[in-house]
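What follows is a set of notes on a single structure, which appears directly below.
Number of protein chains: 2
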Amino acid sequence: MGTDIARDVTEAAAKAREASVQLRLAPRERKDRALLAVARLLRQGQAALLEANALDLEAARGRLSPAMFDRLRLDARRIEAMAAGLEQVAALPDPVGAVLSDQRRPNGLRLQKVRVPLGVVGIVYESRPNVTVDAAGLCLKSGNACVLRGGSESVHSNVALGAVIRAGLAEAGLPADCVAVVATPDRAAVDALLKLDRLIDVIIPRGGHGLIRHVIENSTIPVIRHDAGNCHVYVDAAADLGMAAEIAYNAKVQRPGVCNAMEHLLVHQAVARGFLPVILDRYRRAGVELRGDEAVRAIDPAVLAATEQDWSEEYADLIAGIKVVPGLDAAIAHINRYGSQHSDAIVTADAPAAERFLAEVDSAAVYWNASTRFTDGFEYGMGAEIGISTQKLHARGPMALEELTSVKWIGRGDGQVRS
Amino acid sequence: MGTDIARDVTEAAAKAREASVQLRLAPRERKDRALLAVARLLRQGQAALLEANALDLEAARGRLSPAMFDRLRLDARRIEAMAAGLEQVAALPDPVGAVLSDQRRPNGLRLQKVRVPLGVVGIVYESRPNVTVDAAGLCLKSGNACVLRGGSESVHSNVALGAVIRAGLAEAGLPADCVAVVATPDRAAVDALLKLDRLIDVIIPRGGHGLIRHVIENSTIPVIRHDAGNCHVYVDAAADLGMAAEIAYNAKVQRPGVCNAMEHLLVHQAVARGFLPVILDRYRRAGVELRGDEAVRAIDPAVLAATEQDWSEEYADLIAGIKVVPGLDAAIAHINRYGSQHSDAIVTADAPAAERFLAEVDSAAVYWNASTRFTDGFEYGMGAEIGISTQKLHARGPMALEELTSVKWIGRGDGQVRS
Numbered sequence: 473m474g475t476d477i478a479r480d481v482t483e484a485a486a487k488a489r490e491a492s493v494q495l496r497l498a499p500r501e502r503k504d505r506a507l508l509a510v511a512r513l514l515r516q517g518q519a520a521l522l523e524a525n526a527l528d529l530e531a532a533r534g535r536l537s538p539a540m541f542d543r544l545r546l547d548a549r550r551i552e553a554m555a556a557g558l559e560q561v562a563a564l565p566d567p568v569g570a571v572l573s574d575q576r577r578p579n580g581l582r583l584q585k586v587r588v589p590l591g592v593v594g595i596v597y598e599s600r601p602n603v604t605v606d607a608a609g610l611c612l613k614s615g616n617a618c619v620l621r622g623g624s625e626s627v628h629s630n631v632a633l634g635a636v637i638r639a640g641l642a643e644a645g646l647p648a649d650c651v652a653v654v655a656t657p658d659r660a661a662v663d664a665l666l667k668l669d670r671l672i673d674v675i676i677p678r679g680g681h682g683l684i685r686h687v688i689e690n691s692t693i694p695v696i697r698h699d700a701g702n703c704h705v706y707v708d709a710a711a712d713l714g715m716a717a718e719i720a721y722n723a724k725v726q727r728p729g730v731c732n733a734m735e736h737l738l739v740h741q742a743v744a745r746g747f748l749p750v751i752l753d754r755y756r757r758a759g760v761e762l763r764g765d766e767a768v769r770a771i772d773p774a775v776l777a778a779t780e781q782d783w784s785e786e787y788a789d790l791i792a793g794i795k796v797v798p799g800l801d802a803a804i805a806h807i808n809r810y811g812s813q814h815s816d817a818i819v820t821a822d823a824p825a826a827e828r829f830l831a832e833v834d835s836a837a838v839y840w841n842a843s844t845r846f847t848d849g850f851e852y853g854m855g856a857e858i859g860i861s862t863q864k865l866h867a868r869g870p871m872a873l874e875e876l877t878s879v880k881w882i883g884r885g886d887g888q889v890r891s
Numbered sequence: 473m474g475t476d477i478a479r480d481v482t483e484a485a486a487k488a489r490e491a492s493v494q495l496r497l498a499p500r501e502r503k504d505r506a507l508l509a510v511a512r513l514l515r516q517g518q519a520a521l522l523e524a525n526a527l528d529l530e531a532a533r534g535r536l537s538p539a540m541f542d543r544l545r546l547d548a549r550r551i552e553a554m555a556a557g558l559e560q561v562a563a564l565p566d567p568v569g570a571v572l573s574d575q576r577r578p579n580g581l582r583l584q585k586v587r588v589p590l591g592v593v594g595i596v597y598e599s600r601p602n603v604t605v606d607a608a609g610l611c612l613k614s615g616n617a618c619v620l621r622g623g624s625e626s627v628h629s630n631v632a633l634g635a636v637i638r639a640g641l642a643e644a645g646l647p648a649d650c651v652a653v654v655a656t657p658d659r660a661a662v663d664a665l666l667k668l669d670r671l672i673d674v675i676i677p678r679g680g681h682g683l684i685r686h687v688i689e690n691s692t693i694p695v696i697r698h699d700a701g702n703c704h705v706y707v708d709a710a711a712d713l714g715m716a717a718e719i720a721y722n723a724k725v726q727r728p729g730v731c732n733a734m735e736h737l738l739v740h741q742a743v744a745r746g747f748l749p750v751i752l753d754r755y756r757r758a759g760v761e762l763r764g765d766e767a768v769r770a771i772d773p774a775v776l777a778a779t780e781q782d783w784s785e786e787y788a789d790l791i792a793g794i795k796v797v798p799g800l801d802a803a804i805a806h807i808n809r810y811g812s813q814h815s816d817a818i819v820t821a822d823a824p825a826a827e828r829f830l831a832e833v834d835s836a837a838v839y840w841n842a843s844t845r846f847t848d849g850f851e852y853g854m855g856a857e858i859g860i861s862t863q864k865l866h867a868r869g870p871m872a873l874e875e876l877t878s879v880k881w882i883g884r885g886d887g888q889v890r891s
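Sequences listed follow chains A and B, in order. Using the numbering used here, read the first sequence as starting at 473 and increasing by one per residue. Using the numbering used here, read the second sequence as starting at 473 and increasing by one per residue.
Encoded structure:
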């Protein structure tokens, strides 16, 4: 059984690798035609997609949390959103072929560095079937074949979506094998996939911390991790407290379940007594559970006591940890120690303090007088997003089309040899 | 014992991580001062370094091949070369702080993408003690702390070199812990190192295929592999055969042990009869062992018969595999199938054929009418080289200072929140 699964997964990846040769050389027009064909076929195939999704929902009923169950659900609006997303990706510029540098060496050799597709991208994800379409669309636009392995609970939806995508590819004259959906629900399929470093160029895991650790610990393929977001807002002594309240409120409350939402609020001791009552009151009215250190509880005893564990936590929920700090140094040290190098903000009118924060906090994104919620491919003007990298290698922060590419060096000479 | 080793390695990496905070913020002047101090101390400490090296040579006598034994050896010339290398690195521009993009978003947020150090770089290598100094110098210049684990046969040399480097750091007012040399000869030290993904940002293995596979299969830290070079020269029907002979000779013979040397020569059938006798004669006079397919042996029966295995081989020696191909398509297909995506060249006067080769051969470096031997950090104008990446993620081809950096997004606002 295990061997059969490994064989099936290897075969799908080998076909994707073969198909990738044609895709990486495909002109923009053909890739865009495929994206638009898939969008049209998604709309036309709505009834069949909802039917497949109903099988997944049926099997999941009572076994998933309401939030997970909702993520699994497709409806007309969500199918339209997937189709519209592909149309937007088709309208974006093609990252492939861009000349990143161009020089003539002293020996006359002309040397260019040119953007090329990665080749084959593996994506391992959970629950939401829209990832199947979003990820396939971005891989296709950037000239990459992909092997998609969604959660076992969404297998019927993913297979149905995969069939639509493959039909769109074929319609545009591209190999259907450019997109492979691994349908085996067995987890052995993931483990087999993670060892195919000769067929797959990169693995992008999207999901909870457990999935990501599993991938990191078992993959022989390079991984781009989209890991936890334990983000902070630090309200400095010199902050405009009105602005600080807007930013701290927005970062926590506007969409608490996402990775760029604030988890912990740090407040300079000089403004704690003036600022905390205002923001705590606003948080309470928004239903935020409050956990604070001793200094916070001295000002507002109704706040729960935070434990040491709290400071490392990504709640991804309406919960906030709050701490009073003696100053900028302590704020920076706290963030670098407990944070997850995702997104962190300072609110202050003191420019030198802000610049120290921006330089010294070792995170993918750092903000001065703005919400952490801006760490996002669309907000950064990329027009798309396939994840937010929390590692330093290859890509850091929001990832879109350019982050799905590699480079190639091209040397044109007239007989140069090395002496 | 295993636990002690793991504890020691973890402690060294944790100290390097802590030291990296100061190093990543260090101005160029201070880093350059440290590099120059290390260069001076290497020259001054020559006697002690040769003494330490003698212990390694003593222990290795009769246990290493002559080539490996020679790589292990230090002498006055090699110490001077290391010192001079550090002085060259000091003279290179600092990659840290470069602004890669700068935009004002529609909401007024000013968003910059800035180059920052990776943090802590782990390097696992074999034999040559000069890697200790070269790698530490490039890491230092790019603002990265490093954990260096050389081969057990060079441990005395590496520890002595490490002490010199740490003294130079301290002299320049930087933490000595920015450079850690793992002295434990036990291989368990490597395995412990490879699991420290919370302390080390990237692992660069430098050595034979066995070492690289071991690192890829056991590391939870992102790896940049510097793997095999199975490079090709393809002589097209429209080649200038004089130029083709110069390039094919240079690529094979000029320095056969390095990764960008040619291993296999492909010749279009239309020019095989005219070209092969010339190049085979030159190869023979240079002492190259020749292995060919049937078509080659029909022209020159003294050529040995190549096996299927030969086409995947990186000989790294004075051996060449030679094959006659029916045309450009077959040449490209052969290279993409058997090659290692390192460096491949076409010799032709036919521009459309050349452009197809450059686009379709999926290698880090592709050349038209030039030797594969140019794939090198110095030849590419980088001023240095820490390896040649044969993967597509993060860096591809020669790696120097910029490839040892990551990026950070900096947003400066005036109260922006997300709606």
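In this text, a Cβ means the ideal position worked out from N, Cα and C, and glycines have one as well. These numbers were taken from a predicted model, which means no experiment stands behind them.
Assumed close pair residue i, residue j - CB separation to whole angstroms, cut-off 8 Å
i: V832 (chain B); j: I804 (chain B); result: Looking at the sequence provided, one finds Glu at residue 832 (chain B) rather than Val. Indeed, because the Cβ distance is near 5 Å, the residues count as touching under 8 Å.
i: C650 (chain A); j: A491 (chain A); result: 5 Å
i: I882 (chain B); j: V838 (chain A); result: 6 Å
i: P589 (chain B); j: R496 (chain B); result: 4 Å
i: H704 (chain A); j: D782 (chain A); result: Contact flag wrong, Cβ pair sits at about 13 Å.
i: V819 (chain B); j: A711 (chain B); result: 4 Å
i: G701 (chain B); j: H806 (chain B); result: No, G701 (chain B) and H806 (chain B) are not in contact; Cβ-Cβ is about 16 Å, not under 8 Å.
i: T604 (chain B); j: L633 (chain B); result: 5 Å
Beta carbon proximity, residue i to chain B, threshold 9 Å
i: G883 (chain A); result: yes
i: A652 (chain A); result: no
i: E689 (chain A); result: yes
i: A837 (chain A); result: yes
i: H866 (chain A); result: yes
i: W783 (chain A); result: no
i: D566 (chain A); result: no
Test: residue i CB closer than 9 Å to a CB of chain A
i: G701 (chain B); result: no
i: I551 (chain B); result: no
i: L590 (chain B); result: yes
i: D822 (chain B); result: no
i: Y810 (chain B); result: no
i: H806 (chain B); result: no
i: L497 (chain B); result: yes
i: E625 (chain B); result: no
i: L830 (chain B); result: yes
Buried or exposed (CB count within 10 angstroms, at least 16 for buried), residue i
i: G580 (chain A); result: exposed
i: R576 (chain B); result: exposed
i: D528 (chain B); result: buried
i: F850 (chain A); result: exposed
i: L572 (chain B); result: exposed
i: A774 (chain A); result: exposed
i: G885 (chain A); result: buried
i: Q741 (chain A); result: exposed
i: R600 (chain B); result: buried
Residues that residue i bridges to, as DSSP identifies them
i: K795 (chain A); result: A:L738
i: Q575 (chain B); result: B:L583
i: D816 (chain A); result: A:H704 and A:V838
i: Q888 (chain B); result: A:A842
i: A652 (chain B); result: B:V619
May I ask you to verify whether the stretch 650-666 of chain B touches the stretch 857-872 of chain B, counting CB pairs closer than 8 Å and requiring at least 3? Flag = no, the stretch 650-666 of chain B and the stretch 857-872 of chain B do not touch.
Within 8 Å, do at least three Cβ pairs link the stretch 551-563 of chain A to the stretch 594-612 of chain A? Taking 8 Å as the limit for Cβ pairs, the verdict is that the stretch 551-563 of chain A does touch the stretch 594-612 of chain A.
For the structure I just gave you, are there three or more beta carbon pairs, one from the stretch 758-767 of chain B and one from the stretch 778-798 of chain B, closer than 8 Å? Result yes; three or more Cβ-Cβ pairs closer than 8 Å.
Below 8 Å, can you find three or more Cβ-Cβ pairs linking the stretch 668-676 of chain A to the stretch 477-493 of chain A? Output reads yes: the stretch 477-493 of chain A touches the stretch 668-676 of chain A.
When you compare the stretch 584-598 of chain A with the stretch 674-689 of chain A, are there three or more beta-carbon pairs, one atom per stretch, that lie closer than 8 Å? Below 8 Å, enough C-beta pairs join the stretch 584-598 of chain A and the stretch 674-689 of chain A to call them touching: three or more.
How about the stretch 871-878 of chain A and the stretch 633-644 of chain B: do they share at least three Cβ pairs that are nearer than 8 Å? No contact exists between the stretch 871-878 of chain A and the stretch 633-644 of chain B.
Between the stretch 621-641 of chain B and the stretch 510-525 of chain B, are three or more C-beta pairs nearer than 8 Å? Cβ pair count under 8 Å is three or more, so yes.
Check whether the stretch 475-486 of chain B touches the stretch 716-726 of chain B, taking contact to mean three or more Cβ pairs, one atom from each stretch, closer than 8 Å. Touching, no.
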